[in-house]
Amino acid sequence: MSQNTEDMFAGSQSRNFMGHPIGLSICFLTEMWERFSYYGMRTILILYLTKYHLFDVEDASMIYGAYAGLVYMMPIIGGYMADRYLGSRKAVTYGAILLVMGHALMAFHGQAAYIAGDVVMRDETAINIFFLALSLIICGVGFLKANISTVVGALYGPNDPRRDGGFSIFYMGINLGSFFSMIIVGYVGETYGWNYGFSIAGIGMFFGLLVFLWGQKFLDGRAEPPEPKILKEKSPIGVSKENTIYLFGIFLIMLSWVMMQYDQMVIQLVGISGIIMIGLVLFYSVTKCEKVDRERLWVAIFLIAIQSVFWALFEQQAASLTLLADQQFNLSFLGMNILASQVQTMNALFIIMFAPVMAWLWLALAKRKIEPSTPAKFGYSLLIIGAGYVIFAWGMGLDDSTSKSFLWLIFIYFMLTLAELFLSPVGLSMVTKLSVPKIVGMMMGTWFLFTALGNNVAGWISSLMGSEEVGAVSGTLDMTSTMDLYYLIGYVSAGVGIFILILTPLLRKGMHGVH
Ligand code: GLN
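Take 13 as the starting number for the sequence shown in the working numbering and just add one per residue.
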């Protein structure tokens, strides 16, 4: 067998999954169920906070932002632990167990808040348990999300041409899981009770755990700890190093629990970590790299930092956009009565529909040698999402009733998804292409850190849209500030997009031949 053929089939066994290593089906199903639980829970989160615990828009959005920020920050630690000690298989298993526990805990949520005079009385114990549940999910995602993607990568030999296709199939699993969960959990949560919705998300994750425990034998031993011996050694606290890491996970849960109580501090935590990471990468580039690698790293870190602008707009979905859908739109469409929590489904649906079209488009443009470069795609992405918000805000201004046309929601979700396809998969591949192999893990972690920053800022932006109402109407958006903010973030994003397009020739120079 030639080296190439060997590489090509290095991951395959006698059994295949759509022409790919059988292990891909295990990763596909595990991540499908994990995203089922993640997006299912998230789709009803803001409605649950405003309608059950009667938080106002500001507090509910800040809680959402803190959660979403921490959830995307934690994979850096989970990824590091897996690379250095645990290996992906054990890390994913641990993450899945934490996730099942977190989602199970979400099913209990105590007493609904009520108004006494003009004071909101909340079940503080229930809210604390709810924060603990979120912290378990934050750490569960931290140990699972990045590592399950690493397992997918590890199933292929270095030159296996099926790798990109494998990741596309995997991305379909993500969106299939989120599509069905947002329909089912949204329906059950809004119709029968929030805790039933959360329970369904939890049951989904339980299936994910079972699939992974059963199917890990199909991973060809490619997700094992780098040095199993080290894990058995005793750590200074007297237990094995493996158990020490699990205990450290519990420490991280407690830390997240504290951070959830001080949600306004998450932005500092993520922001300062981001600045430190930029500093570290710049230091590494100056002290350890030749010109070509150094300039590539500069371009990478610039694009990594800029993508936070995208997520800040994109992740309005589970915050202000869901509240808007609930309060301002006519949700009957083509004979269907859609629930506010189900509107987010459109993102997953559009991804499933358009991801293959975009993949085809990039190839077709590449054949004609007119495929936009990565920085240009980032510029277009920010321009598309920015224009989306500006036009959406304008459209909402045309109709001041609370029964605005559903077509506007279709429009904004289409623009969000189009922009996502210009940036999210492109960005991940850019990180692997522009980094020096030695620090690719760190660069990927930095990518997620700035995704985290964007998510956190999304919550903060949404928090600025609330009205002064209390009680049952506490979650009401103030339409003037909502539209003003949508115009503002739209113009800022479009402006940054144009700025990147102007810089593109310079950035391409710094990429030294990488597209
Ligand atoms: N929707 C994708 C997922 O959940 C990408 C999310 C992200 O990178 N922020 O995996």
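Think of the CB as a built atom: it goes at the ideal place given N, C-alpha and C, for glycine as much as any other residue.
Let me check you understand the geometry: is the CB of residue i closer than 6 Å to at least one non-hydrogen atom of ligand 1?
{"i": "Ile186", "result": "yes"}
{"i": "Thr429", "result": "no"}
{"i": "Thr463", "result": "yes"}
Look at the alpha carbon of residue i and the alpha carbon of residue j, and state the distance between them as a whole number of angstroms.
{"i": "Phe219", "j": "Asn28", "result": "22 Å"}
{"i": "Asn342", "j": "Ile396", "result": "25 Å"}
{"i": "Met523", "j": "Val304", "result": "8 Å"}
{"i": "Val112", "j": "Tyr50", "result": "11 Å"}
{"i": "Leu419", "j": "Met271", "result": "39 Å"}
{"i": "Ala235", "j": "Ala103", "result": "9 Å"}
{"i": "Trp372", "j": "Ile288", "result": "38 Å"}
{"i": "Ser24", "j": "Leu440", "result": "With a pLDDT of 46 at Ser24, under the threshold of 50, the modelled position of this residue cannot be trusted, and the question is left open."}
{"i": "Asn349", "j": "Leu292", "result": "51 Å"}
{"i": "Ser285", "j": "Met455", "result": "13 Å"}
{"i": "Ile242", "j": "Ile451", "result": "23 Å"}
{"i": "Ala80", "j": "Gln276", "result": "13 Å"}
{"i": "Arg134", "j": "Leu428", "result": "35 Å"}
{"i": "Ile11", "j": "Leu36", "result": "Nothing in the structure corresponds to residue 11, since the chain is present only between 13 and 527."}
{"i": "Ser14", "j": "His32", "result": "Here the model assigns Ser14 a pLDDT of 43, short of 50, so the residue's position is not dependable and the matter cannot be decided."}
{"i": "Ile318", "j": "Phe462", "result": "8 Å"}
{"i": "Arg54", "j": "Trp310", "result": "35 Å"}
{"i": "Ser247", "j": "Glu432", "result": "43 Å"}
Assign residue i to buried or exposed, taking buried as 16 or more other Cβ atoms, counted over all protein chains shown, within 10 Å of its Cβ.
{"i": "Val251", "result": "exposed"}
{"i": "Ser412", "result": "Correcting the residue identity first, residue 412 is Asp in this sequence and not Ser. The residue in question, Asp412, is exposed, as its Cβ has fewer than 16 Cβ neighbours within 10 Å."}
{"i": "Trp323", "result": "buried"}
{"i": "Trp472", "result": "buried"}
{"i": "Val321", "result": "buried"}
{"i": "Ala6", "result": "What is shown of the chain runs 13 to 527, which leaves residue 6 out entirely."}
{"i": "Gln354", "result": "buried"}
{"i": "Tyr126", "result": "exposed"}
{"i": "Tyr274", "result": "exposed"}
{"i": "Ile514", "result": "exposed"}
{"i": "Phe460", "result": "buried"}
{"i": "Leu377", "result": "exposed"}
{"i": "Ala484", "result": "exposed"}
{"i": "Val131", "result": "exposed"}
{"i": "Gln280", "result": "exposed"}
{"i": "Trp226", "result": "exposed"}
{"i": "Phe404", "result": "buried"}
{"i": "Glu254", "result": "buried"}
{"i": "Met266", "result": "exposed"}
{"i": "Arg47", "result": "buried"}
{"i": "Val197", "result": "buried"}
{"i": "Gln123", "result": "exposed"}
{"i": "Ser475", "result": "buried"}
With a threshold of 6 Å on Cβ separation, who are the neighbours of residue i within its own chain once the five nearest residues in sequence on each side are excluded?
{"i": "Gly453", "result": "Asp95"}
{"i": "Leu110", "result": "Leu148, Cys151, Gly152"}
{"i": "Gln329", "result": "Gln356"}
{"i": "Ile364", "result": "Asn187"}
{"i": "Thr17", "result": "Bear in mind that the predicted position of Thr17 carries a pLDDT of just 44, short of 50, making it unreliable; the figure below should be weighed with that in mind. Excluding sequence neighbours, Thr17 sits near nothing in its chain."}
{"i": "Ser211", "result": "Ala119"}
{"i": "Val469", "result": "Ala324"}
{"i": "Gly107", "result": "Gly152, Phe155, Leu156"}
{"i": "Arg520", "result": "Ser385"}
{"i": "Ile215", "result": "none"}
{"i": "Tyr392", "result": "Phe434"}
{"i": "Gly502", "result": "Gly398, Tyr401, Val402"}
Given residue i, which residues of its chain have a CB within under 7 Å of its CB, disregarding the five upstream and five downstream residues?
{"i": "Thr357", "result": "Phe191, Met194, Ile195"}
{"i": "Ile422", "result": "Met358"}
{"i": "Gly283", "result": "Leu465"}
{"i": "Ser268", "result": "Leu82, Ser147, Ile150, Cys151"}
{"i": "Ile89", "result": "Gly154, Leu264"}
{"i": "Gly409", "result": "Met495"}
Looking only at its chain, what residues have a beta carbon closer than 8 Å to the beta carbon of residue i, apart from the 5 residues adjacent to it on each side?
{"i": "Leu489", "result": "Val69, Ser332, Leu335, Leu336, Gln339, Gln340, Met477, Gly478, Ser479"}
{"i": "Arg175", "result": "Gly165, Tyr168"}
{"i": "Tyr183", "result": "Ile363, Ala367, Pro437"}
{"i": "Lys389", "result": "Phe434, Leu435, Val438"}
Bridge partners for residue i per DSSP, in chain order?
{"i": "Ile127", "result": "Val132"}
{"i": "Lys246", "result": "Ser252"}
{"i": "Pro33", "result": "Asn28"}
{"i": "Met348", "result": "Phe345"}
{"i": "Lys416", "result": "Phe341"}
{"i": "Leu489", "result": "Gly478"}
Please confirm whether residue i has its beta-carbon closer than 7 Å to some beta-carbon of chain C.
{"i": "Phe48", "result": "Among the protein chains of the structure shown there is no chain C, as only one such chain exists."}
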